[in-house]
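Quick notes on the structure that follows.
Residue numbers (the numbering used here), protein chains in the order written: chain A, 5 to 348; chain B, 5 to 348.
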């Protein structure tokens, strides 16, 4: 996820952390990696969940906000989400979570008893269940102020709302989805097929095709801004020559990809998405943020859901597609921050 | 090219031909395949060019319109272009051309002396040169009324204008391009990489990835209309099971893909595309038709060129992407037909 990595690397949060370190003060960022051992999570053994916290619990123990990471994302990249105007750690107890399969929490790449392809089928529901147990069993909380997340984090947010509508006051899925449409499913399935082939052949051709596939499933303008015409002629050959293959990461992304393909929050409502929207429209307070040109998580299912449920929506259109959340960060962090703090 | 094939198969032209055959009249469609033997075309031996003609030359021998086929396209699929309101064979002598590499004209799949991977590098310029020789040497014409074509046929139309601006009165490139941007280049290069892998492995995995790649590089709405969500889960596996591989077709598409990647009409103007546009703006009469959501031949280079040159443009926005030319056929055939006949 190029944009997410780019954002993390270039983010103001890192700069602030560096500045704070130079000044000798303790930054709100770069909190330590922590873990909760949950035993087993369904079929998944050694169910260890990584997380980081920012800010403090208030006396009422009701100011916690849970933010699970995106596809392949890690909490070490998420400092920028524990900051005003989105979420001020002076006000909120922010819990960033490493979802199962991200290489930090229990994953194909680090499981001793279920390594690599032996790792069980993974669902977004498995991630959410483990996060619920982290919050309740490990952190001893009986409510959350909010659940929010980006991309696959937004998918987990939808699943959280469907499973535990009364557990959090607010939900903000950002470029997420309640259920993927055919385009998205074929996209993730094809990405997984390329990955499977790469594991089998360890060949530059697979890396070349993987690189090309990643570029051309972005908005055209983004692709043309990412690669010059001059470099485009040997773009895939150049990428093929970079031996970046890592078997563990390949399996981690495979299982997380399968989890997204499987997602369908309507399962909790007899398979009826319209009913899911109407029911959650009555039960929860949600703001849905999507990007109009998004070709990684297409916006229609989330938008249709929000309209049926009567939820607030923010539709960005910066031309960056799935990267809109980086291109227009000032806009959505302000809008979502206002929604998250309203009525406090 | 799904949409083009779909159009050809379901086209009104085929229906009309069938009706005319039933009525015992000679239809304007389904003209016989003809060939011109041109000796060699640069490095390409056995340079045999396929074509079909509709209508008759007038006394002045100035009513001929040349229409080269698209990527992978054959003149047998192009009846619908030899019909009013686009081009009436009662008025025009219409020459449909099989471009080099399409499996009918000299191609990797049918060359005796340069078969398959031994076929020389192919350029859009090679196609245009052979078409110029077909028209001048073989058909004995010293001018054309117009050159027009769809997709790679539109690319050949741009190249025709750059090489022979005075030879035709009008040029109408339809969803074509004067030079591909990075996105398009990486897209064709990736498609060729998948093709090369398929030739090497003959494996279902390559077909699966090829099918997925084809679907997700369309507009999202088109992908979702093409495959149901239910079918999407095993879309690539289903396609993988269809053994449609043909080595000759694979090499034909490879060489035509390479030709499109190589296209750059600015070469005829010292590499300066702005100069090319200004010069051709003075020298030729052109109407440029593009589709706004096109992700196969992205519209920006053609649009930018038309704006600099001061050419008429038609920008379609039917949501069908590269398939807009099929979705809105009534609109563009009427507009282009009016442009092609104006001032006759």
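Each residue gets a CB set at the ideal place from its N, CA and C atoms; glycine is no exception.
Within the continuous alpha helix (DSSP H) that includes residue i, where are the two ends?
| i | result |
| --- | --- |
| residue 344(A) | 333-345 |
How is residue i classed by DSSP in three states: helix, strand or coil?
| i | result |
| --- | --- |
| residue 35(B) | coil |
| residue 319(B) | strand |
| residue 166(B) | helix |
| residue 53(B) | strand |
| residue 125(B) | coil |
| residue 305(A) | helix |
| residue 300(B) | coil |
| residue 352(B) | Residue 352(B) falls outside the range modelled here, since chain B spans only 5 to 348, and no answer is possible. |
| residue 143(A) | coil |
| residue 287(A) | helix |
| residue 188(A) | helix |
| residue 134(B) | helix |
| residue 348(A) | coil |
| residue 118(A) | coil |
| residue 6(B) | Summary for residue 6(B): the model assigns pLDDT 27, below 50, so the residue's position carries little reliability, and this model does not support an answer. |
State yes or no: is the beta carbon of residue i nearer than 8 angstroms to at least one beta carbon in chain B?
| i | result |
| --- | --- |
| residue 249(A) | no |
| residue 193(A) | yes |
| residue 273(A) | no |
| residue 221(A) | yes |
| residue 187(A) | yes |
| residue 153(A) | no |
| residue 239(A) | yes |
| residue 209(A) | yes |
| residue 232(A) | yes |
| residue 254(A) | no |
| residue 74(A) | no |
| residue 302(A) | yes |
| residue 40(A) | no |
| residue 125(A) | no |
| residue 336(A) | no |
| residue 213(A) | yes |
| residue 227(A) | yes |
| residue 293(A) | no |
| residue 224(A) | yes |
Following the continuous beta strand (DSSP E) through residue i, name the residue where it begins and the one where it ends.
| i | result |
| --- | --- |
| residue 175(A) | 172-178 |
In the DSSP assignment, what residue or residues form a beta bridge with residue i?
| i | result |
| --- | --- |
| residue 150(A) | 69(A) and 174(A) |
| residue 292(A) | 317(A) |
| residue 48(A) | 45(A) |
| residue 183(B) | 268(B) |
| residue 40(B) | 53(B) |
Give a yes or no on whether 8 angstroms exceeds the smallest Cβ distance from residue i to chain A.
| i | result |
| --- | --- |
| residue 299(B) | yes |
| residue 57(B) | no |
| residue 217(B) | yes |
| residue 190(B) | yes |
| residue 281(B) | no |
| residue 269(B) | no |
| residue 236(B) | yes |
| residue 179(B) | no |
| residue 128(B) | no |
| residue 197(B) | yes |
| residue 164(B) | no |
May I have a chain-ordered list of the alpha helix (DSSP H) segments no shorter than 4 residues that lie completely inside the stretch 202-284 of chain B? 208-220, 224-230, 233-236, 239-245 and 251-266
Could I get the ranges of all uninterrupted beta strand (DSSP E) runs contained in the stretch 55-115 of chain A, with 3 residues as the minimum, in chain order? 68-72 and 97-101
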